[in-house]
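Working notes for the structure below.
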Amino acid sequence: MKKNQGYSRRQWLKHVGQTTAASAVLLSVPSYARPASAQVVVVGGGFGGATAARYIKRRDPSIHVRLIEPAKTFYTCPFSNLYLGGLRRFEQQANSYDDLRAQGIEIIHDIATAVDPDKKTVQLAQGASLTYDKLLLSPGVDMRWHALEGYDEAAAELAPHAWKAGAQTQLLKKQLDAMPDGGTFILVAPENPFRCPPGPYERVSMVAHYFSQHKPKSKILILDAKDAFSKQALFQDAWQHIYGDMIEWVPMSQGGRVIRVDAKQRLVETEFGDQHQADVLNVIPPQQAAQIAHQSGVADQSLWVPIDPTTFASQHVPDVYVVGDATIASPMPKSGFAANTQAKVAAAAIVNALSGQAPAEPSFTNTCYSLIAPDYGISVGHLYAVNNNQLVEASGGVSPRDADADFRRREAQYGAAWYEAISLDIWGTEPHA
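Residues 12 to 444 (our numbering) are what the sequence shown spells out, left to right.
What follows is the structure, encoded as structure tokens:
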């Protein structure tokens with residue numbers, strides 16, 4: 012990792028360890044006296060919501076924590092690209108909620124359809140209404156259907172986005188498997204902000220790996236609504252080194268921005284008037300905070316959720332906290348690791364608020380590993396702090412461009428270890444072997 016603002020890689024890792032240890036101490040201190048009837052409702056059982064539920068309950072077992080999540084099995088977006096690349100089975104993306112139940116958290120498999128901030132209730136699709144003292148939303152993102160002409164939910168069944176892990180991921184894999192050797196895979200990358208900034212480029216890497224093993228005559232075209240992307244130099248160096256001319260990236264300024272999609276014909280048109288035909292078309296559309304964020308009033312005109320960076324409380328609605336991809340938390344990216352660390356801060360803030368205590372000073376971290384080939388990993392990592400009521404980068408950087416093969420192999424191993432560790436931290440079970 013590059014030195015940045017006076018930090019070496021070793022110092023950065025040491026700081027991460029100290030931050031994690033400090034968080035563990037904070038979350039393990041005895042709870043303050045409060046009525047046993049404190050009610051916390053958590054909406055969303057992914058990286059943010061499941062973490063928050065676990066850490067609220069761990070901090071104070073007397074709090075009644077309800078976690079609302081429609082899926083009985085949660086499939087993670089992180090590492091789903093490895094499934095597309097043929098390196099993992101889909102079942103390895105699965106996590107259950109059994110361990111969270113065992114911790115005393117009430118799991119309700121339903122959809123939260125409405126929040127009434129005045130009555131402090133959450134309405135569920137099956138008819139129940141839950142009251143809360145504090146509400147934490149971790150709803151993730153929704154696709155902005157029709158932001159690209161011709162691309163809606165029906166079109167996604169023909170040209171999948173696969174940006175929510177599950178049936179869409181399996182559909183894209185099925186299409187890749189059926190594609191003839193010598194075909195063209197087109198990935199349409201969205202403008203910022205969107206979930207997992209390096210994700211489209213790791214996906215291309217994994218598809219290229221699959222093609223190199225099974226369909227070596229095939230081509231990959233990235234049509235991008237941006238002129239730059241996360242870890243760009245590292246990705247492009249590796250593509251050239253490993254995959255040669257298989258991958259072509261077209262930035263916005265050179266005609267990469269797609270404005271129209273014909274999913275039936277697997278055809279896209281750019282703002283420059285160029286048309287591109289795909290054998291497999293993967294459209295990742297513009298995104299926004301999920302619908303419950305808008306209904307509840309926590310989202311603003313940006314289509315995302317502004318938060319208090321010290322606690323991740325909503326800036327607009329009292330007693331509501333929001334973490335994860337739905338938030339405006341720049342410079343933190345919209346990533347699983349970011350959601351996890353934000354949720355721990357919010358969990359501590361909620362427990363403190365219920366006891367009338369001030370929030371602790373937070374510290375945040377994010378690391379994102381991307382796999383380009385089975386033994387070739389790259390990473391980006393940062394520490395964040397709050398300064399003048401704003402989130403700021405404290406330190407961090409990316410993998411060095413001149414790293415040798417052993418370094419890249421170890422980065423790939425670190426990425427696998429990170430996924431195992433965070434899955435255990437959130438859902439309490441190791442990923443399926």
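Backbone N, C-alpha and C fix where the C-beta goes; we use that ideal spot for every residue, glycine too. Keep in mind that this is a model prediction, so the values were computed, not measured.
A residue is called buried when at least 16 other Cβ atoms come within 10 angstroms of its Cβ; N398 does not meet this threshold and is exposed.
Inclusion of G151 and A340 in the CB contact set at 8 Å is not warranted, their separation being larger than that value.
In the DSSP assignment, the residues bridged to D273 are L278. Annotation for R420: the continuous alpha helix (DSSP H) segment containing it runs A416 to W438. Residue environment for G347: buried (at least 16 other C-beta atoms within 10 angstroms of its C-beta). For the options G59, T124 and K145, the alpha carbon positioned closest to that of A49 is the one of K145.
Relative to Y221, the option among S406, G97, K68 and F85 whose CA is nearest is G97. In this structure, P204 is the residue among G57, Q265 and P204 with its C-alpha nearest to the C-alpha of L314.
Straight-line spacing of the CA atoms in P370 and F58 works out to 22 Å. For I118, the enclosing beta strand (DSSP E) covers residues E117 to I119. Between the alpha carbons of D238 and R421 lies a distance of about 30 Å. Taking a cut-off of 8 Å for Cβ pairs, the region 223-233 and the region 363-377 do not touch, as fewer than three such pairs fall below it. At a Cβ-Cβ threshold of 8 Å, A170 and L95 do not count as neighbours.
Secondary structure at W250: helix, using DSSP grouped into helix, strand and coil. Linking Q134 to D330 through their CA atoms gives a straight-line distance of about 16 Å.
Cα atoms of F375 and V333: separation of roughly 15 Å, rounded to the nearest angstrom. Distance between R412 and H225, taken at the CA atoms: about 29 Å. Shown here, V331 sits in a strand according to DSSP, grouped into three states. Rounded to the nearest whole angstrom, the CA to CA distance from Q326 to V52 is 18 Å. For the set Q298, V261 and Y395, the Cα lying nearest the Cα of A173 is the one of Q298.
DSSP, reduced to helix, strand and coil, places Q299 within a strand of the structure shown. In the same chain as E282, and ignoring 5 residues on each side of it, the C-beta atoms closer than 7 Å to its own belong to R268 and I270, in chain order. For D235, the secondary structure class from DSSP, reduced to helix, strand or coil, is strand. Among the bridge pairs identified by DSSP, L135 is matched with A123.
In this structure G255 is exposed. Its beta-carbon is surrounded by fewer than 16 other beta-carbon atoms within 10 angstroms.
With 16 or more other Cβ atoms from the protein chains shown falling within 10 Å of its own Cβ, G408 counts as buried. Residue pairing of N293 in beta bridges, as defined by DSSP: L198. When only Cα atoms are considered, D163 and A304 end up about 21 Å apart.
At the C-beta level, G194 and D273 stay beyond 8 Å of one another.
A Cβ-Cβ separation of about 13 Å leaves V218 out of contact with I295 under the 8 Å criterion. In the DSSP assignment, the residues bridged to D153 are Q299. The Cβ atoms of Q114 and R65 sit closer than 8 Å to each other. For H393, DSSP records a beta bridge to N377 and G407. Taken atom to atom, the span from the alpha-carbon of L182 to that of E168 is near 8 Å. Across the set K242, S223 and S264, the C-alpha of S264 shows the shortest separation from the C-alpha of A236. For the set I253, P262 and D319, the Cα lying nearest the Cα of P201 is the one of P262.
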